[in-house]
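Notes follow the structure.
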Amino acid sequence: GNSVTQMEGPVTLSEEAFLTINCTYTATGYPSLFWYVQYPGEGLQLLLKATKADDKGSNKGFEATYRKETTSFHLEKGSVQVSDSAVYFCALSDPNTGNQFYFGTGTSLTVIP
Amino acid sequence: DVKVTQSSRYLVKRTGEKVFLECVQDMDHENMFWYRQDPGLGLRLIYFSYDVKMKEKGDIPEGYSVSREKKERFSLILESASTNQTSMYLCASIAGGDLHQPQHFGDGTRLSIL
Chain A
1 GNSVTQMEGP VTLSEEAFLT INCTYTATGY PSLFWYVQYP GEGLQLLLKA TKADDKGSNK
61 GFEATYRKET TSFHLEKGSV QVSDSAVYFC ALSDPNTGNQ FYFGTGTSLT VIP
Chain B
1001 DVKVTQSSRY LVKRTGEKVF LECVQDMDHE NMFWYRQDPG LGLRLIYFSY DVKMKEKGDI
1061 PEGYSVSREK KERFSLILES ASTNQTSMYL CASIAGGDLH QPQHFGDGTR LSIL
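Protein sequences appear in the order of chains A and B. Read the first sequence against the numbering used here and you will find it ends at 113, with the numbers running on by one and no gaps. Read the second sequence against the numbering used here and you will find it ends at 1114, with the numbers running on by one and no gaps.
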């Protein structure tokens, strides 16, 4: 079946530190992969996506590369800001299951000045 | 931009009440979803719908039902609310056909059952 596993938090970093949030997946087909961000009190917003192997998604300084050989889609940012404090969700959609999405459990990030 | 609107940001109800959570999307999307979000458990799918009057059970449908009478509106119903249904509820929508597009989410309804 389909599943997403992401690193447990919470993660606390100082401003300008390097961020990595690990995400690995299991899928029966050839999924598309997504990172969503949830700011306090809000719904999920799309951060970036990649639709095929070796694609790199990027947005707001965040990047993630679709690695089929390691079934991974790790989120990285070179220099985090206080405003990046949020919960981050890794997700996949599998064409074999229509438009259903499968989400990781979320990783809470706090960036301190 | 896609807009998914959930009718309430915060809701407080009593045990045994029938509760309605409403979701409206403005992009003519075929597919709509209801999730609940709990700490440490991520998002869990309750129900989804591929078209008007169609519904499919997700992973945790017990204690819930849904209604989709119009394409733009997807309602989640708690038939007899219980305290273990206190949670954040998120609605999402996505167009049919293109399987590489993201789901679009509303801002969520934080529901407390007393």
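All C-beta atoms, glycine included, are put in the ideal place defined by N, C-alpha and C.
Go to residue 1036 (chain B), then tell me how far its beta strand (DSSP E) extends in each direction, as first and last residue. 1031-1038
C-alpha gap between residue 1046 (chain B) and residue 73 (chain A), whole angstroms: 26 Å
To which residues of the same chain is residue 53 (chain A) closer than 7 Å at the C-beta, ignoring the five residues directly before and after it? 66 and 68
For residue 1010 (chain B), the nearest candidate out of B:1060, B:1096, B:1003 and B:1089 (CA to CA): B:1089
Residue 78 (chain A) and residue 61 (chain A) look like a contact to me (Cβ under 8 Å); what is the Cβ gap, rounded to whole Å? 7 Å
Start-to-end residues for the beta strand (DSSP E) that takes in residue 86 (chain A): 86-93
Give a yes or no on whether the minimum CB-CB distance between residue 28 (chain A) and chain B is below 9 Å. no
Rounded straight-line distance, which links the Cα of residue 1111 (chain B) to that of residue 1008 (chain B): 9 Å
Who are the neighbours of residue 1041 (chain B) on chain A, taking C-beta pairs under 7 Å? 105
If you measure between the beta carbons of residue 1119 (chain B) and residue 1109 (chain B), is that distance less than 9 Å? Outside the shown range of chain B (1001 to 1114) lies residue 1119 (chain B), about which nothing can therefore be said.
Let me check understanding here. Comparing Cα to Cα, which of A:31, A:83 and A:35 lies closest to residue 94 (chain A)? A:31
Under 7 Å (Cβ pairs) to chain A, residues found in the region 1019-1035 of chain B: 1031
When the cut-off is 9 Å and only beta carbons count, does residue 78 (chain A) lie next to chain B? no
Please work out which residues of its chain come closer than 8 Å, Cβ to Cβ, to residue 136 (chain A), disregarding the five sequence neighbours upstream and downstream, and give them in chain order. Because residue 136 (chain A) is not part of the residues shown, which for chain A are 1 to 113, the question remains open.
Output yes if chain B places a C-beta closer than 9 Å to the C-beta of residue 25 (chain A); else output no. no
Give the secondary structure of residue 1024 (chain B) by DSSP, where H, G and I count as helix, E and B as strand, and everything else as coil. strand
Taking 9 Å as the CB-CB cut-off, is residue 1 (chain A) touching chain B? no
Exposed or buried, residue 1100 (chain B), counting other C-beta atoms within 10 Å across all chains shown (16 or more means buried)? exposed
What distance in whole Å lies between the Cβ atoms of residue 92 (chain A) and residue 4 (chain A), which are believed to be in contact at a cut-off of 8 Å? 6 Å
Residue-chain proximity (residue 85 (chain A), chain B), Cβ-Cβ < 9 Å: no
Cβ-heavy atom distance, residue 54 (chain A) to the ligand GDP, below 8 Å: In terms of ligand content, the structure shown is empty, and the ligand GDP therefore cannot be addressed.
Neighbour flag for residue 42 (chain A) against chain B, beta carbons, 9 Å: yes
From the DSSP output, in three-state form, read off residue 1082 (chain B) for me. coil
9 Å Cβ cutoff met for residue 1004 (chain B) and residue 1091 (chain B): yes
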